[in-house]
Amino acid sequence: MLIKIAKSWEIPEIEATPEHLFLNRRALLAGAGAIGGALALPSLAAAEDPSAGLYPAKRNEAYKLDRAVTPEKVNANYNNFYEFGMSKNIVDGAAALKTRPWSVKIDGLCNAPQEIAIDDLIKRMQIEERLYRHRCVEAWSMSIPWTGFPLSKIVALADPKPEAKYLRFETFKDPKVAPGQRQVWYPWPYAEGVTVEEAKNDLAFMVTGAYGKPLLNQFGAPIRLALPWKYGFKSIKSIVRISFVAEQPKSYWEQLQSSEYGFWANVNPKVPHPRWSQATEEVIGTGNRVPTQLYNGYAEQVAGLYKDMPQDRALFF
Ligand SMILES: Nc1nc2c(c(=O)[nH]1)N[C@H]1C(S)=C(S)[C@@H](COP(=O)(O)O)O[C@H]1N2
Ligand SMILES: [Mo]
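Pasting the structure below:
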């Protein structure tokens, strides 16, 4: 099928309606008022973090960027973390999240189900630094020095049974600290999923740090995912549970609006979101708008994962 696609320079102004406007519409429909204020609890200062001594980790030079790293100050003040509010300014709200003690439960169809304390997990997994691009479905991007370990190591640790076809990830649920979660008509906790094959791809990265130190709360401390070839909403933050399952998991966004946020969510400049173009992206902090690349520029590493799949499905969004 031929689809007429406007060249990036033909696209007038950013048409993107951010994810949060969709959420706001729902909030209005539900007749809700404003979100309550966050509790003013201090976050774990980087120096007190039990894993602080492991940073900065050695950079893996195989992961290069074609653009500058987004300054930490810019990135750390422009975040999507709907548990803490609809705006990009969730730093103060996210400070209420207590990231110790914290553990990650691994369960479902695997031979070694277990619950691991976060510091034991980080120590065990030989963390490294990688420079990754990040492309939000809202048509903006950043570049981040993440620190962490390949998701394939979690697969190896869990030893999945042959029936396991997917991993399902879940974020914490605690409406006392996360005001967004008091809006009970959303499908909390935030959840996401990938196939076992995707999880074994070397690019799939469990992130425990950024900019040479343990993750700041707004980035999804103490552990989040980075799937740089997929739209950013797949990169779930503050993970408490990873389950090996037989059926394709339904993500938070898919439950809200499956016609706009599908399971695969592979970055594809040629397939517009139903409400805006994906042909270009605003590089946050630079004022520049650049063409978006297929699989966000990672086709060489990941296109093979989807070769047997109808391309219109794999590359929908
Ligand atoms: N638990 C949780 N994870 C989440 C989100 C969220 O709201 N809650 N937002 C997602 C979206 S839409 C994006 S673009 C990225 C943003 O990551 P960043 O703030 O580090 O740029 O996190 C993703 N992971
Ligand atoms: Mo996003």
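Residues in the sequence shown are numbered from 83 upward in steps of one, following our numbering.
A virtual CB, placed ideally from N, CA and C, is assigned to each residue, including glycine.
Since residue i and residue j are thought to touch, with beta carbons under 8 Å apart, how far apart are those beta carbons, to the nearest angstrom?
| i | j | result |
| --- | --- | --- |
| A303 | L309 | About 18 Å separates the two Cβ atoms, so there is no contact after all. |
| V237 | I321 | Wrong, their Cβ atoms sit about 14 Å apart, outside the cutoff. |
| Y248 | T277 | 6 Å |
| G230 | F287 | 5 Å |
| I226 | T152 | 6 Å |
| G71 | R250 | Given a span of 83 to 399 for the chain in the structure shown, any question on residue 71 remains unanswerable. |
| G175 | P261 | 7 Å |
| V156 | I366 | 6 Å |
How would you label residue i, buried or exposed, when you count the other beta carbons within 10 angstroms and need 16 or more for buried?
| i | result |
| --- | --- |
| K140 | exposed |
| Q196 | exposed |
| S340 | exposed |
| G386 | exposed |
| G294 | exposed |
| Q263 | buried |
| L123 | Because the pLDDT of L123 is 40, which lies under 50, any placement of that residue in the model is unreliable, and the number read from its coordinates should be weighed accordingly. Label assigned to L123: exposed. |
| V266 | exposed |
| K316 | buried |
| I117 | Unreliable placement is indicated for I117, whose pLDDT of 39 sits below 50; no coordinate value is reported for it. |
| R371 | buried |
Cβ-heavy atom distance between residue i and ligand 2 below 7 Å?
| i | result |
| --- | --- |
| N159 | no |
| F166 | no |
| N283 | no |
| V219 | yes |
| F315 | yes |
Identify which residue in the options has its Cα closest to the Cα of residue i.
| i | options | result |
| --- | --- | --- |
| R357 | N348, L136, E220 | E220 |
| L179 | Q300, N350, S325 | Q300 |
| Y164 | Y343, L376, W222, Y334 | Y334 |
| K282 | P242, A177, K146, A176 | P242 |
| A194 | R215, E211, F326 | F326 |
| I209 | A134, R371, W184, T368 | A134 |
| A181 | D201, G190, N162 | In the sequence on display, residue 181 carries Thr and not Ala. Comparing Cα-Cα distances from T181 to each of D201, G190, N162, the minimum goes to D201. |
| W270 | E342, D284, R215, I318 | I318 |
| P138 | R212, P183, K146 | R212 |
| G379 | P132, D131, L136, K146 | K146 |
| N161 | A328, V384, C218, K235 | C218 |
| P183 | I198, K235, N171 | I198 |
| A347 | P373, E329, Y377 | Y377 |
Pull the bridge partners of residue i from the DSSP assignment, please.
| i | result |
| --- | --- |
| K140 | DSSP lists no partner for K140. |
| D189 | S325 |
| N157 | Its beta-bridge partners do not exist; DSSP assigns none. |
| G275 | R250 |
| W228 | R212, A292 |
| L307 | M288 |
| I366 | Paired residue(s): none; I366 is not in a bridge. |
| K27 | One cannot answer for residue 27 here, as it falls past the ends of the chain, which runs 83 to 399. |
| S320 | Paired residue(s): none; S320 is not in a bridge. |
| I198 | V186 |
Quick one: does the C-beta of residue i sit closer than 7 Å to a heavy atom of ligand 1?
| i | result |
| --- | --- |
| Q300 | yes |
| F287 | no |
| G275 | no |
| F163 | yes |
| T290 | no |
| T374 | no |
| M207 | no |
| I324 | no |
| I318 | yes |
| Y272 | yes |
| T229 | no |
| H355 | no |
| T368 | no |
| T152 | no |
| T181 | no |
| T362 | no |
| M224 | yes |
Kindly say whether residue i, judged by its beta-carbon, lies nearer than 8 Å to any beta-carbon of chain C.
| i | result |
| --- | --- |
| G190 | Of the chains in the structure shown, none is chain C; there is only one protein chain. |
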